[in-house]
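A short worksheet on the structure shown next.
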């Protein structure tokens, strides 16, 4: 089916991030996905400031609510309100966000094709062959951006570094006292519950990094909603996996890279996946555009900052969830609250916030990347 410079399997945030940069550089890029767009995509849909800074284009049309604050609780008790002057998160619906990003990428010069099941991947010294039930695709390089259940990753053989977190989510009615962004720790072991305001509904869910131990269910979500809002009404229930473990991902193939959830790039502590998906896609594109003899080595180097932050978050899991009461008490310290808000408003990663925790209360926030969202609804 023709020869491309680059084939990218998966047209979500990591795939489109890579495709955008490669297409902008003048290369032939083919995005393949098993779904037509727009398509339903399970996700809390919170875009952090660092995510907006990472994107190559504005996503104003698909932002519904701007959050300047966050409420957290310890198993629905001891609510702590963290609120400041600057936006910290921008609420979207993933079906809308992903479709918008795909359209921007196609305008940059990439092409898109819907495919059926992938049946094989083979790497040769000078090209890659991707086999599907629709036929074969040939390219110089292949990126697996096909999510936590990546077929590309599975076809590459055992990946002992990879593991999966799990989440369930649904739509709930907008309750009277609902905030823009609420996180309830302790509702599930080694995880949390969330409620994100989308204007016409709440996106609610449960997430745990212990997918092999903790069993999430409809009943567990309904019980959470009943306790939180006094009503267990919900719709659009879905469960999904998140790819984690990416701090240990070492690209072994010269012509086949994994990005996003396929590479385990979701933050295991917060469950945030979009930012690292974008950064890993851009890192892969950057490595490929260097035209080095060892692009997989260049990719590993370009991923260094992302992997360092994932390593920090991995270490923090045991400390935070293993001593939840103590960790939650830290959030009550006024200086800590201010530092967290400033860090998120500045678009810092969690490891960057930790590294400058004492300086952040006195730091100034540059609203350059968020000013265009000032007319959006706040909650």
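Numbering (the working numbering), first residue to last: 9 to 387.
Just so it is clear, CB atoms sit at the ideal spot from N, CA and C, and this is done for glycine as well.
1. Report the rounded CA-to-CA distance for residue 354 versus residue 192, giving the unit in angstroms.
2. Rounding to the nearest angstrom, what Cα-Cα distance links residue 228 and residue 190 in this structure?
3. Quick one: measure Cβ to Cβ for residue 131 and residue 11, integer angstroms, because I've assumed they're closer than 8 Å.
4. For residue 244, I'd like the list of residues in its chain whose CB is within less than 6 Å of its CB, leaving aside the five on either flank, ordered along the chain.
5. Which residues in the same chain have their Cβ closer than 7 Å to the Cβ of residue 219, if we skip the five residues on either side of it in sequence?
6. To the nearest angstrom, how far is it from the Cα of residue 151 to the Cα of residue 225?
7. Going by DSSP, name the residue or residues bridged to residue 382.
8. Within 10 Å of its beta-carbon, does residue 65 have 16 or more other beta-carbons around it, so buried, or fewer, so exposed?
9. By DSSP's criteria, residue 98 is part of a beta bridge. Which residues make up the other side?
10. If you draw a straight line from the C-alpha of residue 215 to the C-alpha of residue 73, how long is it?
11. Using only the heavy atoms of the ligand PLP, determine whether one of them is closer than 7 Å to the beta carbon of residue 118.
12. Which value, in whole angstroms, describes the spacing of the CA atoms of residue 68 and residue 75?
13. For residue 231, which residues of its own chain have a beta-carbon under 8 Å away from its beta-carbon, when the five flanking residues on both sides are left out?
14. For a test of the three-state rule: what should DSSP assign to residue 112, helix, strand or coil?
15. Quick one: give me the first and last residue of the alpha helix (DSSP H) that residue 160 is part of.
16. If the criterion is Cβ atoms closer than 8 Å, does the pair residue 293 and residue 306 meet it?
17. Please determine if the segment 45-65 and the segment 104-111 are in contact, where contact requires at least 3 C-beta pairs separated by less than 8 Å.
18. Could you pull the start and end residues of the alpha helix (DSSP H) that residue 284 belongs to?
19. Cβ atoms of residue 136 and residue 270: under 8 Å apart, would you say?
20. Within 10 angstroms of its Cβ, does residue 41 collect 16 or more other Cβ (buried), or is it exposed?
21. Use the C-beta contact count for residue 350: other C-beta atoms within 10 angstroms, 16 or more gives buried, fewer gives exposed.
22. Using the DSSP secondary-structure output, state which residues sit across from residue 123 in a beta bridge.
23. Cβ atoms of residue 118 and residue 15: under 8 Å apart, would you say?
24. Mind checking who residue 167 pairs with in its DSSP beta bridge?
25. When you compare only the Cα positions, how much space is there between residue 204 and residue 286?
26. Name the residue from 368, 317, 346, 382 whose alpha carbon lies nearest to the alpha carbon of residue 88.
27. Whole angstroms are fine: how far does the CA of residue 366 sit from the CA of residue 113?
28. For residue 127, does the count of other Cβ atoms within 10 angstroms reach 16, so buried, or fall short, so exposed?
29. Could you tell me the boundaries of the alpha helix (DSSP H) in which residue 40 lies?
Straight from the coordinates:
1. On the chain shown, residue 354 is found 346 positions in, with the first residue counted as 1. On the chain shown, residue 192 is found 184 positions in, with the first residue counted as 1. Using only the alpha carbons, I get a separation of about 24 Å.
2. Stepping through the chain shown from its first residue, residue 228 is reached at position 220. Stepping through the chain shown from its first residue, residue 190 is reached at position 182. Computed Cα separation, rounded: 18 Å.
3. For the purposes of this step, residue 131 is taken as the residue at position 123 of the chain shown. For the purposes of this step, residue 11 is taken as the residue at position 3 of the chain shown. That belief does not hold up - the Cβ atoms of residue 131 and residue 11 are roughly 15 Å apart, past 8 Å.
4. Against the chain shown, residue 244 aligns to sequence position 236. Here the set comprises 178, 179.
5. Locating residue 219 in the chain shown gives position 211, counting from the first residue. Closer than 7 Å at Cβ, skipping near neighbours: 172, 173, 174, 249.
6. Sequence index remark: in the chain shown, residue 151 carries index 143 (1-based). Sequence index remark: in the chain shown, residue 225 carries index 217 (1-based). One C-alpha to the other measures close to 33 Å.
7. By 1-based counting over the chain shown, the position of residue 382 is 374. Per DSSP, none; premise fails for residue 382.
8. Counted from its first residue, the chain shown places residue 65 at position 57. Classification for residue 65: exposed.
9. Against the chain shown, residue 98 aligns to sequence position 90. Partner(s): 55, 74.
10. As a position in the chain shown, residue 215 is number 207, starting the count at 1. As a position in the chain shown, residue 73 is number 65, starting the count at 1. For residue 215 and residue 73, the distance between alpha carbons rounds to 22 Å.
11. Of the ligands one can find in the structure shown there are none, so the ligand PLP has no counterpart to examine.
12. Taking the first residue of the chain shown as position 1, residue 68 is located at position 60. Taking the first residue of the chain shown as position 1, residue 75 is located at position 67. Their backbone Cα atoms lie some 14 Å apart in a straight line.
13. On the chain shown, position 223 is the one that residue 231 refers to. Taken in chain order, the residues that qualify are 240.
14. On the chain shown, residue 112 is found 104 positions in, with the first residue counted as 1. Reduced to three states, the DSSP call for residue 112 is helix.
15. Indexing the chain shown from 1 puts residue 160 at position 152. 159-163 is the extent of the alpha helix (DSSP H) around residue 160.
16. Here residue 293 is taken as the residue at index 285 of the chain shown, counted from 1. Here residue 306 is taken as the residue at index 298 of the chain shown, counted from 1. No, the pair does not count as a contact, with Cβ atoms beyond the cut-off.
17. yes
18. For this step, residue 284 is matched to residue 276 along the chain shown. 282-297 is the extent of the alpha helix (DSSP H) around residue 284.
19. On the chain shown, residue 270 is found 262 positions in, with the first residue counted as 1. On the chain shown, residue 136 is found 128 positions in, with the first residue counted as 1. Taking 8 Å as the Cβ cut-off, residue 270 and residue 136 do not qualify as a contacting pair.
20. Along the chain shown, one-based indexing puts residue 41 at 33. By the 10 Å Cβ count, residue 41 comes out buried.
21. Here the question's residue 350 lines up with position 342 in the chain shown. Looking at its Cβ environment, which holds 16 or more other Cβ atoms inside 10 Å, residue 350 is buried.
22. The count along the chain shown starts at 1 and reaches residue 123 at position 115. According to DSSP, residue 123 bridges with nothing at all.
23. Here residue 15 refers to the residue found at position 7 of the chain shown. Here residue 118 refers to the residue found at position 110 of the chain shown. No. Outside cutoff.
24. For this step, residue 167 is matched to residue 159 along the chain shown. Paired residues: none, contrary to the question.
25. Against the chain shown, residue 204 aligns to sequence position 196. Against the chain shown, residue 286 aligns to sequence position 278. Each residue's Cα considered, the two are about 21 Å apart.
26. The residue labelled residue 88 in the question sits at position 80 within the chain shown. Of the listed residues, the one whose Cα sits closest to residue 88 is 346.
27. Reading the chain shown from its first residue, position 105 is the one you call residue 113. Reading the chain shown from its first residue, position 358 is the one you call residue 366. Taking the straight line from one Cα to the other gives about 40 Å.
28. The residue you call residue 127 lines up with position 119 of the chain shown. Burial call: exposed.
29. Your numbering for residue 40 matches position 32 in the chain shown. Per DSSP, residue 40 belongs to no alpha helix (DSSP H); it is in the beta strand (DSSP E), 37-41.
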